[in-house]
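Asks: For the sequence shown, this note's numbering assigns the number 4 to the initial residue and increments by one for each residue that follows. All residues carry an ideal CB built from backbone N, CA and C; glycine is no exception. Below you'll find the structure I mean.
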Amino acid sequence: MDWVDQVTSGETVITLVAHTRGWRFRLPFPASDDELRAAAPDADDQARVVIEFGSCHVRHGDVSMVIDAGRLTASHRANHGGAEFTAGVEAGMTSVGIQPADVTHVLITHAHPDHFTGIAPDDDGGALVYPNARHLVSRRDWEGAGPGNDLLRRLAAPANAAGLLDLVEGDIEIAPGLTILKAPGETPGHLCLRAESAGKNFFWLGDLVHHRLELDHLDWVLAGGDAAAMEASRRRILGMAAGSNALVLWAHATFPGWARVRRQGDSFLWSAA
4 MDWVDQVTSG ETVITLVAHT RGWRFRLPFP ASDDELRAAA PDADDQARVV
54 IEFGSCHVRH GDVSMVIDAG RLTASHRANH GGAEFTAGVE AGMTSVGIQP
104 ADVTHVLITH AHPDHFTGIA PDDDGGALVY PNARHLVSRR DWEGAGPGND
154 LLRRLAAPAN AAGLLDLVEG DIEIAPGLTI LKAPGETPGH LCLRAESAGK
204 NFFWLGDLVH HRLELDHLDW VLAGGDAAAM EASRRRILGM AAGSNALVLW
254 AHATFPGWAR VRRQGDSFLW SAA
């Protein structure tokens with residue numbers, strides 16, 4: 004399938020599932036169209052780049068973790084003309100033998116709907132797609148204000164009621180070699196994940212990066228984000244990834260998006276892995 008891919012990093016098995024493909028979007032950075040086109044050679048004449056939406060599963064020891072269990076709400080789907088919608092995260096994971104009932108953890112990197120709505124089967128909530136999983140959410144995003152935070156609290160209410168909700172503040176190791184990292188900027192409580200196994204490292208970056216142009220513009224942040232916090236988080240997390248020659252992946256990379264980063268002067272350089 005052209006929307007499910009699986010690799011290993013040490014003894015960690017990582018599965019990527021894209022749920023939305025081929026959406027062209029003008030990223031709302033503090034930059035002109037000309038600046039965006041110069042920063043992103045793949046941008047079209049409207050300064051739009053291809054942005055895709057992916058979720059990740061990590062099998063690490065006894066942990067079976069879904070990260071950013073996304074789908075698009077009905078209103079988002081209506082506004083994403085030209086995008087291709089796959090059969091979804093749950094279908095993609097079951098196609099490679101990952102059963103929802105066996106998932107032990109769900110990590111929500113931040114309170115943006117495309118990253119968490121897949122924890123429920125529909126926009127009404129009331130049920131959990133991963134009924135036995137501990138749902139890990141940033142305390143700052145859970146307690147924050149805004150429509151995304153409100154929707155997150157509603158869809159995660161069954162997990163909360165069942166005692167399956169953990170509010171985390173990072174950095175926290177949830178299993179040997181599996182660490183949640185605080186990375187504010189996109190939202191105040193944005194989180195990343197690092198998996199270390201057999202001398203290899205993997206980082207799920209969530210929305211620390213949306214497009215590789217940001218590796219050259221560490222202070223560019225989408226409208227509503229915190230530029231100073233984002234730059235500091237990027238320098239910390241990307242520095243860790245570059246220093247360990249880690250495999251990296253972010254939620255909006257063009258599928259399949261596996262990459263490595265290395266330092267280049269005061270910024271970072273992306274290369275396909």
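Kindly give me the distance between the Cβ atoms of V264 and L218, rounded to whole angstroms, as I take these residues to be in contact under 8 Å.
Replies: Cβ-Cβ separation between V264 and L218: approximately 6 Å, consistent with a contact (criterion under 8 Å).
Asks: Contact defined as beta carbons within less than 8 Å: I believe A42 pairs with L216. What is the distance between those atoms, to the nearest angstrom?
Replies: 4 Å
Asks: What does DSSP give as the partner residue(s) for S23 in the beta ladder?
Replies: Contrary to the premise, residue 23 reads as Thr rather than Ser in this sequence. Under DSSP, T23 forms a beta bridge with F56 and F88.
Asks: Mind checking whether W145 and N135 have CB atoms under 9 Å apart?
Replies: no
Asks: Extract the residue ranges of the alpha helix (DSSP H) inside the segment 226-276, only unbroken runs of 4 or more that lie entirely within it.
Replies: Considered as a whole, the segment 226-276 harbours 230-246 as its complete alpha helix (DSSP H) runs of no fewer than 4 residues, in chain order.
Asks: Taking just the CA atoms, how far does T15 sit from V66?
Replies: V66 and T15: Cα-Cα distance of roughly 10 Å.
Asks: Classify E93 as helix, strand or coil using the three-state DSSP reduction.
Replies: helix
Asks: Tell me which residue opens and which closes the alpha helix (DSSP H) that R157 is part of.
Replies: P150 to L158
Asks: Taking Y133 as the reference, give the member of Q102, S274 and L155 with the closest Cα.
Replies: Q102
Asks: For the alpha helix (DSSP H) containing W145, list its first residue and its last residue.
Replies: Note, W145: alpha helix (DSSP H), R142 to E146.
Asks: For I122, name the three-state secondary structure that DSSP assigns.
Replies: helix
Asks: To the nearest angstrom, report how far apart T11 and L184 are at their CA atoms.
Replies: In a straight line, the C-alpha of T11 is about 21 Å away from that of L184.
Asks: Does R266 pass the burial test, meaning 16 or more other C-beta atoms within 10 Å, or should it be called exposed?
Replies: Exposed, since its Cβ has fewer than 16 Cβ neighbours within 10 Å.
Asks: Assuming S247 and N204 form a contact by the criterion Cβ under 8 Å, report the distance between their Cβ atoms to the nearest whole angstrom.
Replies: Sure, about 4 Å apart at Cβ, within 8 Å.
Asks: Cutting at 8 Å between CB atoms, please list the residues of its own chain near E93, excluding the five before and the five after it.
Replies: Closer than 8 Å at the Cβ level, and outside the excluded window around E93, lie P103, G121 and V132.
Asks: Thinking C-alpha only, which one of H138, L155 and D210 is nearest G166?
Replies: H138
Asks: Count the other C-beta atoms from every protein chain shown that fall within 10 angstroms of the C-beta of E172, then say buried if there are 16 or more, exposed otherwise.
Replies: So E172 ends up on the exposed side.
Asks: Mind checking whether A276 and L250 have CB atoms under 9 Å apart?
Replies: yes
Asks: W253 and F32: beta carbons closer than 9 Å?
Replies: By the CB criterion at 9 Å, W253 and F32 fall outside the cutoff.
Asks: For a test of the three-state rule: what should DSSP assign to N163, helix, strand or coil?
Replies: helix
Asks: Once you ignore the five residues that flank S58 on each side, which residues in its own chain have a CB closer than 6 Å to its CB?
Replies: V20, D71, A72, G73 and V92
Asks: Name the two residues that bound the continuous beta strand (DSSP E) containing D169.
Replies: L168 to V171
Asks: Output yes or no for whether 9 Å exceeds the beta carbon distance between S141 and H193.
Replies: yes
Asks: Let me know if D8 comes out buried or exposed under the rule of 16 or more other beta-carbons within 10 Å of its beta-carbon.
Replies: buried
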